[in-house]
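Working notes, structure below.
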Amino acid sequence: MLDLMRDIILATDLAHHLRIFKDLQKMADDGYDPANKQHHSLLLYLLMTSCDLSDQTKGWKTTRKIAELIYKEFFSQGDLEKAMGNRPMEMMDREKAYIPELQISFMEHIAMPIYKLLQELFPKSSELYERVASNREHWTKVSHKFTLRGLPSNNSLDFLDEEYDLQSMGEKDGLKMNGCLDDGEEDGHRESELE
1 MLDLMRDIIL ATDLAHHLRI FKDLQKMADD GYDPANKQHH SLLLYLLMTS
51 CDLSDQTKGW KTTRKIAELI YKEFFSQGDL EKAMGNRPME MMDREKAYIP
101 ELQISFMEHI AMPIYKLLQE LFPKSSELYE RVASNREHWT KVSHKFTLRG
151 LPSNNSLDFL DEEYDLQSMG EKDGLKMNGC LDDGEEDGHR ESELE
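Residue numbers for the sequence shown follow UniProt numbering, so the first one is 1 and each next one is one higher.
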């Protein structure tokens, strides 16, 4: 039992997930066989990883705020690495990280394939995949706004804070943003009405 728990926890390591992705896809293509022990393990790994990344399945406001918290942690780690004379990974370097593009890439290469597999195995879970796809579109809009405003990558976290503050003030005053942070479906407005 302890070995199983260890293996399931280790399955949340994305490097591990990428190593077994072909096996997960084959299981989904062939159909889950409850008598197959490998299928049982693979399904547990997939479920654990999908739970670990569940912030991607939340509404846009929540997903955006969680991303902000994650990048603040990454940037703190990157600052420590720089202070020790090391070169941090791009996503941990506040001077180089372009959050919208990093998020889009993460969603396209990690989150969306995970929830697509889950949808193939459990068709009633399709809402999770759809929400991740919707959040990806929101990140695309944010990236477009960065481009239009000519913001350098190292302002991306500040921009998200500024937009969030404006949105919060607007909600108190009954105002709406132009679609960058609002999830029109959650508050009863369509995206086209917000732009």
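Where a beta carbon is used, it is the ideal one built from N, C-alpha and C, also for glycine.
(request) Kindly say whether Asp79, judged by its beta-carbon, lies nearer than 8 Å to any beta-carbon of chain D. (result) Considering every chain present, this structure includes no chain D. It has just one protein chain.
(message) For Ala35, count the other beta carbons within 10 Å of its own beta carbon; 16 or more makes it buried, fewer makes it exposed. Which is it?
(response) Reading the sequence shown from its first residue, position 35 is the one you call residue 35. Within a 10 Å sphere around the beta-carbon of Ala35 sit fewer than 16 other beta-carbons, which makes this residue exposed.
(request) Could you tell me the distance, in whole angstroms, from the CA atom of Asp79 to the CA atom of Gln103? (result) Reading the sequence shown from its first residue, position 79 is the one you call residue 79. Reading the sequence shown from its first residue, position 103 is the one you call residue 103. Distance between the alpha carbons of Asp79 and Gln103: 20 Å.
(request) Take the Cβ of Asn86 as the centre, count every other Cβ of all protein chains shown within 10 Å, and call the residue buried at 16 or more, exposed below. (result) Position 86 of the sequence shown holds residue 86. Exposed, by the Cβ-count rule.
(request) Please work out which residues of its chain come closer than 6 Å, Cβ to Cβ, to Asp7, disregarding the five sequence neighbours upstream and downstream, and give them in chain order. (result) Position 7 of the sequence shown, counting from 1, holds the residue named residue 7. Result list for Asp7: empty, nothing under 6 Å.
(message) My parser needs the alpha helix (DSSP H) runs of 4 or more residues fully inside the UniProt domain "PDEase" (1–146); what are they?
(response) Within the UniProt domain "PDEase" (1–146), the runs of alpha helix (DSSP H) at least 4 residues long that lie entirely inside it are, in chain order, 2–10, 14–30, 37–52, 60–83, 99–106, 112–121.
(request) Would you mind sorting Asp182 into buried or exposed? The rule is 16 or more other CB atoms within 10 Å of its CB. (result) Taking the sequence shown and counting its residues from 1, the one referred to as residue 182 is at position 182. Low confidence applies here, because Asp182 scores a pLDDT of 43, under 50, leaving its location unreliable and the question unanswered by this model.
(message) Taking the alpha carbon of Ile114 as the reference point, which residue from Ser54, Leu4, Thr62, Val142 has its own alpha carbon closest?
(response) Here residue 114 corresponds to residue number 114 of the sequence shown, with the count starting at 1. Between Ile114 and the set Ser54, Leu4, Thr62, Val142, the nearest pair of CA atoms involves Ser54.
(request) Just the C-alpha distance for Lys82 and Phe21, rounded to the nearest angstrom, thanks. (result) Counted from its first residue, the sequence shown places residue 82 at position 82. Counted from its first residue, the sequence shown places residue 21 at position 21. Going from the Cα of Lys82 to the Cα of Phe21 covers about 33 Å.
(request) Please name the residue in Ser134, Phe74, Ser50 whose C-alpha comes closest to that of residue 198. (result) As displayed, the chain neither begins before 1 nor continues past 195, which places residue 198 out of reach and without an answer.
(message) For Asp3 and Tyr45, what's the separation of their Cα atoms in angstroms?
(response) Numbered from 1 along the sequence shown, position 3 holds the residue referred to as residue 3. Numbered from 1 along the sequence shown, position 45 holds the residue referred to as residue 45. Whole-angstrom Cα-Cα distance: 13 Å.
(request) Take the Cβ of Met1 as the centre, count every other Cβ of all protein chains shown within 10 Å, and call the residue buried at 16 or more, exposed below. (result) Locating residue 1 in the sequence shown gives position 1, counting from the first residue. By the beta-carbon neighbour count (other beta carbons within 10 angstroms, threshold 16), Met1 is exposed.
(request) Tell whether a beta-carbon distance below 8 Å holds between Val132 and Thr57. (result) In the sequence shown, counting from the first residue as 1, residue 132 sits at position 132. In the sequence shown, counting from the first residue as 1, residue 57 sits at position 57. Cβ atoms of Val132 and Thr57: closer than 8 Å.
(message) If I measure Cβ to Cβ from Trp139 and keep anything under 6 Å in the same chain, skipping five residues before and after, which residues do I get?
(response) As a position in the sequence shown, residue 139 is number 139, starting the count at 1. Once the five neighbours on either side are set aside, the close Cβ partners of Trp139 are Pro100, Gln103, Ile104.
(request) Would you kindly work out how many angstroms separate the C-alpha atoms of Gln77 and Phe106, rounded to a whole number? (result) The residue you call residue 77 lines up with position 77 of the sequence shown. The residue you call residue 106 lines up with position 106 of the sequence shown. Pairing Gln77 with Phe106, the inter-Cα distance amounts to about 19 Å.
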